[in-house]
Amino acid sequence: MINLLNQTYAYFLDNQSRFWLELGRHLSLSGTALAISLLLCIPLGIWAARHVRAAQYLITAVGSLRLIPSLAILFLVMPYLGTGSTPAITALSILAMPSILINVYTGLRGVEPAVIEAASAMGMTSRQRLIQVEIPLALPVMIAGIRTATVEVIASATLAAFIGAGGLGIFVTRGFALFEPRIMLLGAIPVAALALLSEVVLGRVERWFTPPR
Numbered sequence: 001m002i003n004l005l006n007q008t009y010a011y012f013l014d015n016q017s018r019f020w021l022e023l024g025r026h027l028s029l030s031g032t033a034l035a036i037s038l039l040l041c042i043p044l045g046i047w048a049a050r051h052v053r054a055a056q057y058l059i060t061a062v063g064s065l066r067l068i069p070s071l072a073i074l075f076l077v078m079p080y081l082g083t084g085s086t087p088a089i090t091a092l093s094i095l096a097m098p099s100i101l102i103n104v105y106t107g108l109r110g111v112e113p114a115v116i117e118a119a120s121a122m123g124m125t126s127r128q129r130l131i132q133v134e135i136p137l138a139l140p141v142m143i144a145g146i147r148t149a150t151v152e153v154i155a156s157a158t159l160a161a162f163i164g165a166g167g168l169g170i171f172v173t174r175g176f177a178l179f180e181p182r183i184m185l186l187g188a189i190p191v192a193a194l195a196l197l198s199e200v201v202l203g204r205v206e207r208w209f210t211p212p213r
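Structure representation (structure tokens):
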């Protein structure tokens, strides 16, 4: 194992420029997909929390996306968007939606009615209650959803290499094709490290926003 890691490091030294290029692409794909999902799912989650009956259908429909494998989503968008970054970002955005939307909805619905009533009694408008009371109280649950989505997207962005979008998956696919474990590890190790780092960092952010009991 040590010998294999040494070989991977040697391959990294010989291909540093390509590694940093693909790392940048991987982060760009993941970050863009997460940003799109957040822009879509936060307003949708707020709307769903206000319209519970309609929300049941929305949550069920979006939640069903979890049943579709990541690679299947990538290949499903290819006939419409072709290959490259656009279909990859679209597929990754779809992949991130269930965790974010469901947790935004769950977090807002979990705010105690008594707290909302107290805010209304103080003269707060619906908008003020949402921004000053409901969202701050729902933040830990919302961040938990973002954390899950981030880990899923970072890991699944590896598959974007299959449709020509680049990223660290390039090394994984090339290593697999050439039966070269050292090349595969050059892609797999950074992806695992990025996923673990995002889990730890966002986990701490979640705890920081969680009020003491």
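Per full-length UniProt numbering, residue 1 is the first one in the sequence shown, and the count goes up by one each step. All C-beta atoms in this analysis are idealised placements derived from N, C-alpha and C, irrespective of residue type, glycine included.
- The region 54-64 makes no contact with the region 111-128: fewer than 3 CB pairs, one atom from each, lie closer than 8 Å.
- T86 and V201 have their C-alpha atoms some 28 Å from each other.
- Cβ atoms of I100 and I154 stay farther apart than 8 Å, at about 14 Å.
- Here C41 is not near V111, since their CB atoms are 8 Å or more apart.
- By the CB criterion at 8 Å, R182 and Q16 fall outside the cutoff.
- Around the beta carbon of M184, a 10 Å sphere encloses 16 or more other beta carbons of the protein chains shown; the residue is thus reported as buried.
- Sixteen is the threshold: when 16 or more other Cβ atoms of the shown chains lie within 10 Å of the Cβ of L34, as they do, the residue is buried.
- Taking one beta carbon from each stretch, the region 166-174 and the region 186-193 have 3 or more pairs nearer than 8 Å; the two touch.
- Our two residues, R204 and R25, have alpha carbons roughly 26 Å apart in a direct line.
- DSSP assignment within the region 38-85 yields the following whole alpha helix (DSSP H) runs of 4 residues or more, N-terminal first: 52-63, 70-81.
- Cβ-Cβ separation between L92 and A157: approximately 6 Å, consistent with a contact (criterion under 8 Å).
- Counting only runs of 4+ residues, the alpha helix (DSSP H) found wholly inside the region 119-160 occupies 126-129, 135-156, in chain order.
- Shown here for T90: same chain residues with a beta carbon closer than 7 Å to its own, the five before and five after excluded, namely V77, L81 in chain order.
- Cβ contact annotation for A118 (same chain, cutoff 6 Å, sequence separation greater than five): none.
- DSSP, read as helix, strand or coil, puts L202 in helix.
- In this structure, the beta-carbon distance from S198 to T148 does not fall below 8 Å.
- With at least 16 other beta carbons inside 10 angstroms of its own, S30 counts as buried.
- Of the other Cβ atoms in all chains shown, fewer than 16 fall within 10 Å of the Cβ of F176; this residue is therefore exposed.
- In its chain, beyond the 5 residues on either side, M97, P98, L101 have a beta carbon closer than 6 Å to the beta carbon of V62.
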